[in-house]
């Protein structure tokens, strides 16, 4: 018998006025997998994240987590279902200290024991009382990750974790994400522009272009796919 | 962090001592003036929770003060089923009635933000004074309602003004403590999170609807208490007691005190009282400056002075008195902190 995927995006469409952001996109993530979601700018990757976290309601289709639909769940209850996320352009609580940002992440939980552990894990414990907005961009991204981890998620959605990082930082990030999966028993869905990172980290890759799925498979399969090469490099004349 | 806690507690104890001793050093009428400053302070505490912490602006808090004031007037004059209620007991009721009104305003406010919310709340401030004129049997029309003069409780040997002072500041200190406990706990953190990023707050499990309406309710509760005390001190209410400009003054006091600094709000409250009532004194001081001659008797001079002082204060300390305090205390606390 086939195991049920942890996350099922089932023929989801989302339109904004005349613009089709997602068109019948289906995407499954098995428990314990790292899945990369890639595509050119405007392909609908962040829209997909916003649909999964219920910031957007899809026009058609369903999103199921652990077998149950998420569509009846309000955005603020998503984290209780076990889904946490980071944002493309770092959405920190700028007026709060690092530790308070992470405590907000634990808001939906009963205790705050996870906060200190998480701060140590992402190596932020020494700056925990600093204002979040005082820190350099790369560190702010770690605060955001710590906030997501503090909620004790089963599924972690990372929106461009490599964005704005230096070459060295990106290399370390790859190892870090794989280690994260093991240490926190996570399933990870990763939106990323940095092709090298996705190809080295992801078990499977899902490619969107203009809101449609154009390919999916292992990194090697996707890299050899004609449609993918066209989408990234433009169709041959 | 423990150091910061002790600094804050020490500050509170010092404030309590000052409040308790101050009437000995000032005249009876000054005590009354200070009591009114205390009422503004209470209203500003509420506004700070709403605007400074949850990030929702209100240009209509004068209306919530009016609701509190009218609740007290109705209960003491008309009474509850014909039984007049003693003014002291109407204070918490006034807070609750205003708080419920705040919750009701908070619901539509969920869909609005920034400028639109400012306009809606301003609309409330504008329209509210018309209600007593419409329901003049019940609310007394433009003449308003006359309350019994406030008297110290039987057996307490003190003047009325001193009594109003201690009553107001006693309540103010309790409400300051409550506000402080609220903002430093989980609720305050959730409010600040919403202020800084609504999407991230929602994704962290914070219900925007619940916390934003809660902030409106609490904030209006504070304003209602302030309005009730104001009615008791004045011994009358009418639409002019809570004019539209009162709501604007409160926002001014909040900006001067510092959006999210609770003790700084005392300075904001003092400034709005002082500039409303003693702008001519400021004009006299300013006349000592070279090349300035202001006629303190000239009509409109108080508004000019108010505006000018406000511009100067905001230029010098854009983060308000609270920001100034923090800047002075910050190096001290961080140094001690890193050493420990």
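Protein chains in written order, with our numbering: chain B, 1 to 237; chain Y, 1001 to 1340.
We put the CB at the ideal spot given by N, CA and C, even for glycine.
Could you tell me the distance, in whole angstroms, from the CA atom of residue 4 of chain B to the CA atom of residue 126 of chain B? Rounded to whole angstroms, residue 4 of chain B to residue 126 of chain B spans 41 Å at the Cα level.
Closer than 7 Å, Cβ to any Cβ of chain Y: which residues of the stretch 43 to 58 of chain B, in chain order? 53, 55
Would residue 32 of chain B and residue 209 of chain B qualify as a contact pair, given that the criterion is a beta-carbon distance under 7 Å? no
Quick check on the DSSP output: what are the complete alpha helix (DSSP H) runs of length 4 or more inside the stretch 42 to 119 of chain B, in order along the chain? 45 to 52, 78 to 81, 98 to 105, all fully within the stretch 42 to 119 of chain B.
Out of B:141, B:111, B:112, B:134, which has the shortest C-alpha to C-alpha gap to residue 123 of chain B? B:141
Hey, out of Y:1145, Y:1143, Y:1141, Y:1164, whose CA is closest to residue 1152 of chain Y's CA? Y:1164
Residue closest to residue 1248 of chain Y, alpha-carbon to alpha-carbon, out of Y:1328, Y:1266, Y:1110, Y:1118: Y:1118
Can you tell me where the alpha helix (DSSP H) holding residue 1212 of chain Y begins and where it ends? For residue 1212 of chain Y, the enclosing alpha helix (DSSP H) has its first and last residue at 1208 to 1234.
Would you say residue 135 of chain B faces chain Y, with C-beta separation under 7 Å as the test? no
Would you mind stating whether residue 85 of chain B and residue 186 of chain B have Cβ atoms separated by less than 7 Å? no
Please decide whether residue 1200 of chain Y counts as near chain B, where near means a Cβ-Cβ distance under 7 Å. Answer yes: the Cβ-Cβ gap between residue 1200 of chain Y and chain B drops below 7 Å somewhere.
May I ask you to verify whether the stretch 1124 to 1143 of chain Y touches the stretch 220 to 230 of chain B, counting CB pairs closer than 8 Å and requiring at least 3? In short, these stretches do not touch, since the Cβ pair count stays below three.
Is the stretch 180 to 197 of chain B touching the stretch 14 to 34 of chain B in the sense that three or more CB pairs, one from each, lie closer than 8 Å? The stretch 14 to 34 of chain B is in contact with the stretch 180 to 197 of chain B.
What span of residues does the alpha helix (DSSP H) with residue 126 of chain B cover, start to end? From DSSP, residue 126 of chain B is part of no alpha helix (DSSP H); its letter is neither H nor E.
Alpha carbon of residue 1033 of chain Y to alpha carbon of residue 1287 of chain Y, nearest angstrom: 25 Å
Are three or more beta carbon pairs between the stretch 1017 to 1029 of chain Y and the stretch 1162 to 1180 of chain Y nearer than 8 Å? yes
Is there at least one Cβ from chain Y nearer than 7 Å to residue 60 of chain B's Cβ? no
Between residue 30 of chain B and residue 216 of chain B, what straight-line distance do the alpha-carbon atoms span, to the nearest angstrom? 14 Å
Between the alpha carbons of residue 113 of chain B and residue 93 of chain B, how many angstroms are there, rounded? Cα-Cα distance, rounded: 20 Å.
With three or more C-beta pairs closer than 8 Å as the rule, is the stretch 1209 to 1227 of chain Y touching the stretch 1099 to 1108 of chain Y? yes
Tell whether a beta-carbon distance below 7 Å holds between residue 1204 of chain Y and residue 51 of chain B. no
Would you say the stretch 1246 to 1263 of chain Y touches the stretch 1081 to 1097 of chain Y, given that touching needs at least three Cβ pairs under 8 Å? Short answer: they don't touch.
Can you list, in chain order, the residues of its chain whose CB lies under 7 Å from that of residue 1168 of chain Y, leaving out five sequence neighbours each side? 1035, 1038, 1039, 1229
Assess, as a yes-or-no matter, whether the stretch 1013 to 1027 of chain Y is touched by the stretch 1191 to 1200 of chain Y under the definition of 3 or more beta carbon pairs within less than 8 Å. no
Just by C-beta distance, which residues in the stretch 65 to 91 of chain B are closer than 8 Å to chain Y? If you check each beta-carbon in the stretch 65 to 91 of chain B against every beta-carbon of chain Y, the ones closer than 8 Å belong to 74, 75, 76, 77, 78, 79, 80, 84, 85, 87, 91.
Find the nearest neighbour of residue 1106 of chain Y within the set Y:1051, Y:1261, Y:1071, Y:1328, judged by alpha-carbon distance. Y:1051
Near-chain Y residues of the stretch 96 to 110 of chain B (beta-carbon distance less than 7 Å), N- to C-terminal order: 96, 100, 103, 104, 105, 107, 108
Within 7 Å, strictly: CB atoms of residue 1202 of chain Y and residue 153 of chain B: no
In chain B, what lies closer than 8 Å to residue 1196 of chain Y by C-beta? 92, 93, 94, 95, 96
Is it right to say residue 1076 of chain Y is buried, meaning 16 or more other beta carbons lie within 10 angstroms of its own, or is it exposed? buried
Between the stretch 142 to 154 of chain B and chain Y, which residues of the former have a C-beta closer than 7 Å to a C-beta of the latter? Under the 7 Å Cβ criterion, the stretch 142 to 154 of chain B contributes 147, 151.
Spell out a yes or no on whether the stretch 1254 to 1274 of chain Y and the stretch 1309 to 1328 of chain Y are touching, meaning 3 or more CB-CB pairs, one atom from each, closer than 8 Å. yes
Roughly how many angstroms lie between the CA atoms of residue 65 of chain B and residue 12 of chain B, to the nearest whole one? 14 Å
Can you give the Cα-Cα distance for residue 1336 of chain Y and residue 1271 of chain Y, rounded to whole angstroms? Low per-residue confidence applies at residue 1336 of chain Y: pLDDT is 48, beneath 50, and the placement is therefore not dependable, though the value from the model is reported in the following sentence. Going by the C-alpha atoms only, they are around 33 Å apart.
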